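Enquirer: Supplied in structure tokens, the structure appears directly below.
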Amino acid sequence: MIYYKTDEEIEFVRESCLLVCKALSHVASIIKPGMTGIDIDKAAEEVIRDHNAEPAFKGYRGFPATLCVSPNAAVVHGIPSKSQEFKEGDIVSVDCGVLLNGFFGDSAYTFPLGEVSEEVMHLMKVTNTSLYKAIETSEVGKRIGDIGFAVQHYVERQHKFSVVRELVGHGIGRELHEPPEVPNFGKRGRGIKLQEGLVIAIEPMVNQGRKDVRTAPDGWTILAKDLKPSAHFEHTIAVREEGPDILSNHEMIVEQIRKNDNVLEVGVYDESVVA
Ligand code: MG
Ligand code: MG
Numbered sequence: 075m076i077y078y079k080t081d082e083e084i085e086f087v088r089e090s091c092l093l094v095c096k097a098l099s100h101v102a103s104i105i106k107p108g109m110t111g112i113d114i115d116k117a118a119e120e121v122i123r124d125h126n127a128e129p130a131f132k133g134y135r136g137f138p139a140t141l142c143v144s145p146n147a148a149v150v151h152g153i154p155s156k157s158q159e160f161k162e163g164d165i166v167s168v169d170c171g172v173l174l175n176g177f178f179g180d181s182a183y184t185f186p187l188g189e190v191s192e193e194v195m196h197l198m199k200v201t202n203t204s205l206y207k208a209i210e211t212s213e214v215g216k217r218i219g220d221i222g223f224a225v226q227h228y229v230e231r232q233h234k235f236s237v238v239r240e241l242v243g244h245g246i247g248r249e250l251h252e253p254p255e256v257p258n259f260g261k262r263g264r265g266i267k268l269q270e271g272l273v274i275a276i277e278p279m280v281n282q283g284r285k286d287v288r289t290a291p292d293g294w295t296i297l298a299k300d301l302k303p304s305a306h307f308e309h310t311i312a313v314r315e316e317g318p319d320i321l322s323n324h325e326m327i328v329e330q331i332r333k334n335d336n337v338l339e340v341g342v343y344d345e346s347v348v349a
């Protein structure tokens, strides 16, 4: 059953999402080649615990860490590594969730480290822009299929990259994953109608090569089957009568990226979609 949120509940989710983005901003300020996934995982966990919150992923179905750290061909759900150092030219998807005051927050950003190829920066920009295309579509009266269509059309028709099918966005609130599922592909006019108070995490996962994925031997990491790079950006939003309300905040992440010479700024292609 879909649980539509009250104004008060939406503000709780916003608070959780802002803490997620605070943790991701801290990651943005320190991440660089030579660091490991565990280094940024520890740093993020400290920010979360300092705010009397709990990392939402740690222990979730047995996941061992605060962050999902998914470099290059890893799409999502990567376990932070103790030994594998980030390299110049890597793109690293960092996904974070927190539980604060009984409500979850969820957001993700992909960081390009150092000299990332133009083609891969293109993938990053297309993925990030597709997220805002999806958000722009998330108005009262539209349907879940309209969101998926917006992402898929932009990514696959306009830019010839591939949307991952196996993993989807989701409702969020008192649970990390609530109904409805929010696929990044679909048909216009299909699926449930978007109503006031619907709170969803929208998270396009886009492969440079083919759409197919497989699970790595660690049982968690989702990999692009062809081992080409994959990007991932996620916002949690509330559907409101006035229009979509973005509860997470990537501007604070970008602000830190601008101060960190080891990370490139991603941005979007179509500035008009960013409110
Ligand atoms: Mg997430
Ligand atoms: Mg999510």
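One gets my numbering by counting positions in the sequence shown from 1 and adding 74 to each. Heads up, the beta-carbon is just placed ideally off N, CA and C, and yes, glycines get one too. Keep in mind it's a predicted model, so treat the numbers as computed, not measured.
(1) At the level of alpha carbons, what is the spacing between D220 and F307?
(2) Is R217 helix, strand or coil by DSSP?
(3) Measuring straight from C-alpha to C-alpha, what distance separates K267 and S157?
(4) For a minimum of 4 consecutive residues, which ranges assigned as the alpha helix (DSSP H) are wholly contained in the stretch 209 to 291?
(5) What residue ranges within the stretch 302 to 338 form continuous beta strand (DSSP E) runs of no fewer than 3 residues, ordered along the chain?
(6) Report the option in H251, G317, V273 whose CA atom is closest to the CA atom of R135.
(7) Any heavy atom of ligand 1 closer than 7 Å to the Cβ of D124?
(8) Is S99 buried or exposed, if buried means 16 or more other CB atoms sit within 10 Å of its CB?
(9) Are three or more beta carbon pairs between the stretch 281 to 297 and the stretch 140 to 152 nearer than 8 Å?
(10) Does DSSP classify E189 as helix, strand or coil?
(11) How far does the alpha helix (DSSP H) with F94 in it extend, from its first residue to its last?
(12) How close, in whole Å, do the beta carbons of R239 and E270 come, if the pair is a contact with beta carbons under 8 Å?
(13) Would you say the beta carbon of S181 comes nearer than 7 Å to a heavy atom of ligand 1?
(14) Tell me whether the beta-carbon of Y228 lies closer than 8 Å to the beta-carbon of S204.
(15) Once you ignore the five residues that flank E193 on each side, which residues in its own chain have a CB closer than 8 Å to its CB?
(16) Evaluate the contact criterion for the stretch 180 to 195 versus the stretch 158 to 169: three or more CB pairs, one atom per stretch, below 8 Å.
(17) Which term fits Q232, buried or exposed, when burial requires 16 or more other beta carbons within 10 angstroms of its beta carbon?
(18) Might you give, ordered along the chain, the residues of its own chain that have their beta carbon closer than 8 Å to the beta carbon of N336, omitting 5 neighbours on each side?
(19) When you measure from the CB of A118 to every non-hydrogen atom of ligand 3, does any distance come out below 7 Å?
(20) Mind checking whether V348 and K207 have CB atoms under 8 Å apart?
Expert: Result, derived from the coordinates:
(1) 18 Å
(2) strand
(3) 46 Å
(4) 218 to 226
(5) 304 to 306, 309 to 312
(6) H251
(7) no
(8) buried
(9) yes
(10) coil
(11) Residue 94 is actually Val in this sequence, not Phe. Run containing V94: 81 to 104, per the alpha helix (DSSP H) assignment.
(12) With a Cβ gap of about 29 Å, R239 and E270 do not count as contacting.
(13) yes
(14) yes
(15) Q282
(16) yes
(17) exposed
(18) I105, K106, P107, L187, G188
(19) Ligand 3 is not among the ligands present in this structure, which contains only ligand 1 and ligand 2.
(20) no
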